[in-house]
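Comments concern the structure below.
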Amino acid sequence: MKKLVIEGGRALHGEVHISGAKNAALPLIAASLLAPGIHILHNVPDLRDTRTILRLLESLGLSWERQGSTLKIDGTGLNCSEASYELVKTMRASVLVLGPLLARLGRAKVSLPGGCAIGARPINFHLMGFEHLGVRCDLEHGYVDARIDGRLQGGTVYFDIPSVTGTENLLMAAALAEGTTIIKNAAREPEIGNLIDMLTGMGAVIEGKHSERLTVHGVEKLTASESTIIPDRIEAGTYAIAVAAAGGDAMIKDCDPGHLPSLLEKLRLAGVGLETGDDWIRITTTARNHVTNVVDVTTMPYPGYPTDLQAQFMALMTCSDGLSVIHETIFENRFMHVPELQRMGADIQIDGRVAMVKGLGGNLLTGAQVMATDLRASSSLVIAGLAAAGRTDISRIYHLERGYENMVDKLTGLGATVWKEDE
Ligand code: EPZ
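In terms of our numbering, the sequence shown is residues 4 to 426.
Pasting the structure below:
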């Protein structure tokens, strides 16, 4: 296995180009199951997770080819409705094949994803939604076996919590249902708008984009289309926080600042210099590893502060002048980065889903050997390593490679001293 080595203490300068969004690429790749023909997707990041879902689609009979950041997926050969445990256990977003398989075949047998480092991650809202469209869902031997004779029937679905992949699964299922489906308390993340644009391009009829109430008028069939993945707002936010923590003056390009309203506000409140354009964010800070103002964060569904940027912001707050209260409301176990940050000298107390972060003022974190536990926790350790004095070795960086394309090259391009080596 590989580890990431960072020689901290270097200010970051220059520019970093943001890739397509992992959490848009996964549902849009899954949507190619909905119709035969060649689906073209531009700006698709090449990540462990996108490679995993493409392997899953291959196991279902589809074929694909990548030309740079463009994917061509042939939806014609669909000949299987079963997603194996071996594939699903490596990436829970594999559940995104449930909706399109039910829509196209009336049958889907998918291993229950099981939990992951950050929480139990149930899919009860997905299954409840399918049942409201006439689907029978049986749970046995660790699989959900969902089926319906004939077409799905339009209905009304209400999410207790605005589930992102739940909304995406139900959109894909409802697109080919007979009649109209209304999804209430739907998630409003930008990635869902990206999926709605793709489905509309395929012939779906969907009203209410970007709102919490989506109306889907089912159609008889869909046709393959061409779409572009939106920029990865979580990757962009991660690099913005990294420059704020390490200090420097850098441009984050090919991003959409409009997708980061809450983070940009928090960075401004923290005293970070910040300018934005249509597709770029400029971060300027004077002192390294030191932001003057302390800021509290409570994670919320979009457009609130994203849970996927909670760990990264906590690394920044370890460098502030005061006590920051960080409340994680979305997942029950998303503080796995805290013990690792504490090994670097951070002063953090946890009480349930609340972390109290006492900033080190002008003092620096110190480099250490730390371990990545999940995707976003590992990016938090990278940020801490960039800001710290000395060398940081981060093990198990396969977590990072799930969601950050070419991170070593991108950080090196910003002037960081970082490399990979065998553990
Ligand atoms: C998506 O996960 C993202 N993944 C996650 O990003 C992100 O953290 C999350 O949304 C929240 O924004 C993808 O888009 C592939 P949810 P998802 O359903 O859809 C509970 C990353 O780092 N819930 O919105 O699985 C759930 O336990 C990943 O890129 C149920 O109880 O999240 C959680 O507490 C991590 N039952 C809350 O709802 C359900 O059926 C929100 O989960 C579904 C969800």
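Backbone N, C-alpha and C define an ideal beta-carbon position, used for all residues, glycine too.
Everything numeric in this text was worked out from a predicted model, so none of it was measured.
Please check the pair residue i and residue j, which I expect to be a contact at CB under 8 Å, by giving their CB distance rounded to whole angstroms.
i    : j    : result
A86  : L59  : 6 Å
L466 : A249 : Outside the shown range of the chain (4 to 426) lies residue 466, about which nothing can therefore be said.
K5   : E424 : 7 Å
G157 : L136 : 7 Å
P30  : E210 : Incorrect: roughly 19 Å between the Cβ atoms, too far for contact.
T183 : G221 : 7 Å
K75  : I32  : Rounded, the Cβ-Cβ distance is 11 Å, inconsistent with contact.
A111 : A149 : 5 Å
R337 : E343 : R337 to E343, Cβ: 13 Å. No contact.
R405 : R69  : That pair is no contact at about 18 Å.
Measure the CB-CB distance between residue i and residue j and report whether it falls below 7 Å.
i    : j    : result
I21  : A239 : yes
A358 : I329 : yes
L101 : C83  : no
A371 : D235 : no
R95  : P125 : no
G17  : L417 : yes
L326 : K361 : yes
Y88  : R191 : no
H45  : T231 : yes
I244 : L319 : yes
T288 : S382 : no
M374 : R394 : no
I186 : L173 : yes
Y308 : V300 : yes
N188 : E215 : yes
A247 : I284 : no
E10  : T420 : yes
A120 : T376 : yes
G78  : A38  : yes
V160 : I151 : no
A28  : T53  : yes
I255 : V411 : no
T392 : M339 : Inspection of the sequence shows that residue 392 is occupied by Ala rather than by Thr. Contact: no.
P103 : M205 : no
G274 : T295 : yes
With H, G and I counted as helix, E and B as strand and the rest as coil, what does DSSP make of residue i?
i    : result
P193 : helix
E143 : strand
E229 : strand
G3   : Examination of residue 3 is not possible in this model, given that the chain is present from 4 through 426 alone.
E268 : helix
E404 : helix
G274 : coil
S382 : helix
G169 : helix
L363 : coil
S84  : coil
D200 : helix
T295 : coil
D311 : helix
A111 : strand
A177 : helix
R399 : coil
M317 : helix
E424 : strand
T2   : Nothing about residue 2 can be read from this structure; the chain reaches only from 4 to 426.
G251 : strand
A392 : strand
A419 : coil
V98  : helix
V138 : coil
With a 10 Å radius around its C-beta and 16 neighbouring C-beta atoms as the bar for buried, classify residue i as buried or exposed.
i    : result
A123 : exposed
L179 : buried
I351 : buried
G169 : buried
Q315 : buried
I333 : buried
T429 : Nothing about residue 429 can be read from this structure; the chain reaches only from 4 to 426.
I164 : exposed
I281 : Correcting the residue identity first, residue 281 is Asp in this sequence and not Ile. With fewer than 16 Cβ atoms within 10 Å of its Cβ, D281 is classed as exposed.
S228 : buried
Y407 : buried
S323 : buried
E171 : buried
V47  : buried
L7   : buried
G251 : buried
G71  : exposed
G12  : buried
Entirely within the segment 8-33 and at least 3 residues each: give me those beta strand (DSSP E) ranges in chain order.
Runs found: 15-20.
Residue ranges of each beta strand (DSSP E) within the segment 39-80, 3 or longer:
Runs of the beta strand (DSSP E) inside the segment 39-80: 41-45, 66-70, 73-77.
Go through the segment 203-248 residue by residue and report every complete run of the beta strand (DSSP E) that reaches 3 residues or more, in order.
Whole beta strand (DSSP E) segments, 3+ residues: 208-210, 216-220, 229-231.
Output the residue ranges of the alpha helix (DSSP H) runs that lie fully inside the segment 329-360 and measure 4 residues or longer, sorted by chain position.
Qualifying alpha helix (DSSP H) stretches, in chain order: 341-346.
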